[in-house]
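In the numbering used here, the protein residues as written are 1160 to 1570.
Even for Gly, the Cβ is constructed at its ideal location relative to N, Cα and C.
Computed from a predicted model, the values in this text were never measured in an experiment.
Everything below concerns the one structure shown next.
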């Protein structure tokens, strides 16, 4: 997986490699991977919806549409997610702390950087607001699954004591939520609320067409951008301006950028395509589904103490097939056992191309960490199949994450 590039690429922009620039050697390094599989490393000079330019000894510029991923190198040290987050209806999540709600909009500040300007988000684009995420990974996955998988005809406050209040979320002011109901408005202190699940009947997310970019930040946030642009000068501190799919435009320091994944260019996330066939063979009797962009446990895809926005959650005993119709040249992915799995969990995974084995993993264990697959040629293949087989101990809670599985489209 890892991180891909920007968006809305202009096909008239030439690709080029230029001579060395004057970027300081101490500048943060990024790795850019293009659709051919080539990688380049250097300071990030500029990033836009059209092109990505790295500096350094041999500066390089690539079309965003011809790129796969842009990743800070090395990656920032993993840090625990904030206890507060805003979960959007399109799968984005921002590590924000709610400040106020007024006139149908949430104003929220960055949990790890409250000095930055607040972000304004329409309530109709929000699936849930987490105010007290449990530190235990299993408990966190249970809470997230309940917030993201259940339908709600009204807004629901999940209180810290286990109670629930239903009604219409009206406002947040001075640390108190106001919830309207048949008996009149009720004020609830924010500190007594674990999470807020917004009515799924009122969700209205702006339609998104064309190329987009999934921007990952060093605090664990990810957000879909319809437009990107670096602004400012290196000596004064560059920023990244993000036009978010939920309807707002905001900026973050370029130093907070962990990576960018391209969506809609030559790089096509496998999780964005419909599965053609899914078969699960239980070890005993329990059935496990194929889960898109989340772990099979219900929480975020997590491996090596990091969380990932794109991928597939599977369990040992699962086999999933996608129709490719000869449209792709290569397949890339990373595979790992989810961080919530028991220490005894183990599994083996395979990649089949048109029914023939193209790659097989060694036995994966909970202690081994993520394993990067080699780039697998597709050569006009018709079908791609991913299988997860039981390890030597049978079913020990073998929760497998396919992290950033990406197809490279024919040029």
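- A check of alpha carbon separations from residue 1529 across 1294, 1367, 1326 and 1493 identifies 1493 as the nearest.
- When DSSP states are grouped into helix, strand and coil, residue 1193 belongs to the strand group.
- Exposure of residue 1274 is indicated by the presence of fewer than 16 other C-beta atoms within 10 angstroms of its C-beta.
- In the structure shown, residue 1360 adopts helical secondary structure according to DSSP, grouped into three states.
- Between residue 1490 and residue 1535, the CB-CB gap stays under 8 Å.
- DSSP places residue 1298 in no beta strand (DSSP E) but in the uninterrupted alpha helix (DSSP H) bounded by 1296-1308.
- When beta bridges are read from the DSSP output, residue 1428 appears opposite 1565.
- Closest option to residue 1305, judged by alpha-carbon separation, among 1199, 1375 and 1354: 1354.
- Under DSSP, residue 1478 shares a beta bridge with 1438 and 1546.
- Burial check for residue 1209: the Cβ neighbour count within 10 Å reaches 16 or more, so the residue is buried.
- Comparing alpha-carbon positions, the option among 1217, 1213 and 1358 lying closest to residue 1284 turns out to be 1358.
- In this chain, the beta strand (DSSP E) harbouring residue 1515 covers 1515-1519.
- Between the region 1262-1271 and the region 1420-1436, the count of Cβ pairs shorter than 8 Å is below three; the stretches do not touch.
- For residue 1204, the enclosing beta strand (DSSP E) starts and ends at 1198-1206.
- Note on residue 1435: under 16 other CB atoms within 10 angstroms of its CB, so exposed under the neighbour-count rule.
- Non-local beta-carbon contacts of residue 1329 in its own chain, meaning distances under 6 Å to residues more than five positions away in sequence, involve 1337 and 1339 in chain order.
- Checking the DSSP bridge columns, you'll see residue 1493 partnered with 1531 and 1562.
- Counting C-beta pairs with one atom in each stretch, the region 1438-1453 and the region 1471-1490 have three or more that are closer than 8 Å, which means they touch.
- Residue 1221 and residue 1200 have their C-alpha atoms spaced approximately 12 Å apart.
- Of the other Cβ atoms in all chains shown, 16 or more fall within 10 Å of the Cβ of residue 1286; this residue is therefore buried.
- Straight-line spacing of the CA atoms in residue 1345 and residue 1319 works out to 17 Å.
- According to the DSSP secondary-structure assignment, residue 1372 is paired through a beta bridge with 1384 and 1421.
- Around the C-beta of residue 1502, fewer than 16 other C-beta atoms lie within 10 Å, and the residue is accordingly described as exposed.
- Residue 1224 sits away from residue 1389, with the two beta carbons spaced by 8 Å or more.
- In terms of Cα proximity to residue 1238, the closest of 1252, 1430, 1531 and 1463 is 1463.
- Counting only the Cα atoms, residue 1361 lies some 19 Å from residue 1407.
- In this structure, the alpha-carbon of residue 1455 lies about 13 Å from that of residue 1307.
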